[in-house]
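Peer 1: Its first residue numbered 4, the sequence shown is counted upward by one per residue in the numbering used here. Glycine is no exception: its CB is placed at the ideal position from the N, C-alpha and C atoms.
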Amino acid sequence: MSVAFAEHVGPWTIADVEALAGTGDHSRYELLTPGVLTVSPAPGTPHQRASRRLANLLEAAASTAGAAVEVLEAVNVEAPGGRLAVPDIAIVERKFAATDPIRYPVGTVLAVVEIVSPGSEPQDRMIKPQLYADTGIAVYWRFELAPKPHIIVSELRRSLLVHTVTASAGERTVIPCPFPVDLDPAELARQ
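1. Taking all protein chains shown into account, decide if His-166 is buried (16 or more other Cβ within 10 angstroms of its Cβ) or exposed.
2. Less than 6 Å between C-beta atoms, sequence neighbours within five positions excluded: which residues of the same chain meet that for Glu-21?
3. Pick out whichever of Leu-40, His-50, Pro-104, Val-156 has its Cα sitting closest to the Cα of Pro-121.
4. Sorted by chain position, which residues of the same chain lie with C-beta nearer than 8 Å to Pro-132's C-beta, five sequence neighbours on each side aside?
5. Run the CB neighbour count on Val-78, radius 10 Å, all protein chains shown included, and call it buried at 16 or more, exposed below.
6. Ignoring anything shorter than 3 residues, give me the beta strand (DSSP E) runs that lie fully in the segment 145-170, in order along the chain.
7. Could you check what DSSP says for Ser-66 in three-state terms: helix, strand or coil?
8. Taking only runs that begin and end inside the segment 102-136, name each unbroken alpha helix (DSSP H) of 4 or more residues, in chain order.
9. Glu-174 to Leu-186, Cα distance in whole Å?
10. Quick check: the Cα distance between Phe-182 and Ala-70, rounded to an integer number of angstroms?
11. Report the CB separation of Gly-85 from Thr-16 in whole angstroms; it is logged as a contact under 8 Å.
12. Which one or two residues does DSSP pair with Leu-34 in a beta bridge?
13. What do you get for Leu-134, buried or exposed, if any count of 16 or more other CB atoms within 10 angstroms of its CB means buried?
14. Within a Cβ cutoff of 7 Å, which residues of the same chain sit near Val-74, ignoring the five residues on either side of it in sequence?
15. For Ala-82, which residues of its own chain have a beta-carbon under 7 Å away from its beta-carbon, when the five flanking residues on both sides are left out?
16. Keeping to the same chain, check which residues put their C-beta closer than 7 Å to that of Val-39; ignore five residues upstream and five downstream.
17. Could you compute how far the alpha carbon of Val-116 sits from the alpha carbon of Pro-90?
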């Protein structure tokens, strides 16, 4: 059963979002504010390029560290208060991922990465960090593609995300959390 946008009445729920028919356009449907549907178009090429490369790098680093995780792109993350987010990359518990869930509840997501694209700045810089902190996700990476690629890492401390590392373009940086990752953001964003 699917729900059409024009037919929907009242606040949106996670069940309503899950009932939306797939249009094949790769749009992302989120409930960043309870009851309010946010629809984002598919990310552009620079964003997708950086996401794939970073996901591959994170997967290799997780394997090297022996972490019992899976690195996934664009999965549903359930947050308190009936909210739902779709991070660009999520590092989730391998055991839970093996159940092939539709969404990842509180406690199964160890880290998330958002790649800032034109139009996603408010969500990625203000709204989603607070949502992820409310969810208890321990690590948040924000990958800024412009003006120069850089990654800002924040860790959850006393219910707040605190900036701990900045990885700048042209410099190799080892980001220690959630497991050691050696990277240069410029390499991840290159054409």
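Peer 2: On the basis of the data shown:
1. His-166 comes out exposed.
2. Cβ within range, chain order: n/a, list empty.
3. The shortest C-alpha separation from Pro-121 is found at His-50.
4. Taken in chain order, the residues that qualify are Tyr-143, Arg-145, Ser-157, Leu-164.
5. Note on Val-78: 16 or more other CB atoms within 10 angstroms of its CB, so buried under the neighbour-count rule.
6. Complete beta strand (DSSP E) runs here, min 3: 153-160.
7. Assignment of Ser-66 by DSSP, reduced to helix, strand and coil, places it in the helix class.
8. Qualifying alpha helix (DSSP H) stretches: none in this window.
9. Pairing Glu-174 with Leu-186, the inter-Cα distance amounts to about 8 Å.
10. So the two alpha carbons sit approximately 8 Å from each other.
11. Yes, Gly-85 and Thr-16 are in contact; Cβ-Cβ is about 6 Å, under 8 Å.
12. Beta-bridge pairing links Leu-34 to Leu-87.
13. It counts as buried.
14. For Val-74, where only same-chain residues beyond five positions count, the Cβ hits under 7 Å are Ala-58, Leu-61, Glu-62, Ala-65, Ile-92, Ile-94.
15. Closer than 7 Å at the Cβ level, and outside the excluded window around Ala-82, lie Ala-88, Leu-134, Asp-137, Thr-138.
16. The beta carbon of Val-39 sits closer than 7 Å to the beta carbons of Trp-15 from its chain, once the five residues preceding and following it are set aside; these are given in chain order.
17. Taking the straight line from one Cα to the other gives about 6 Å.
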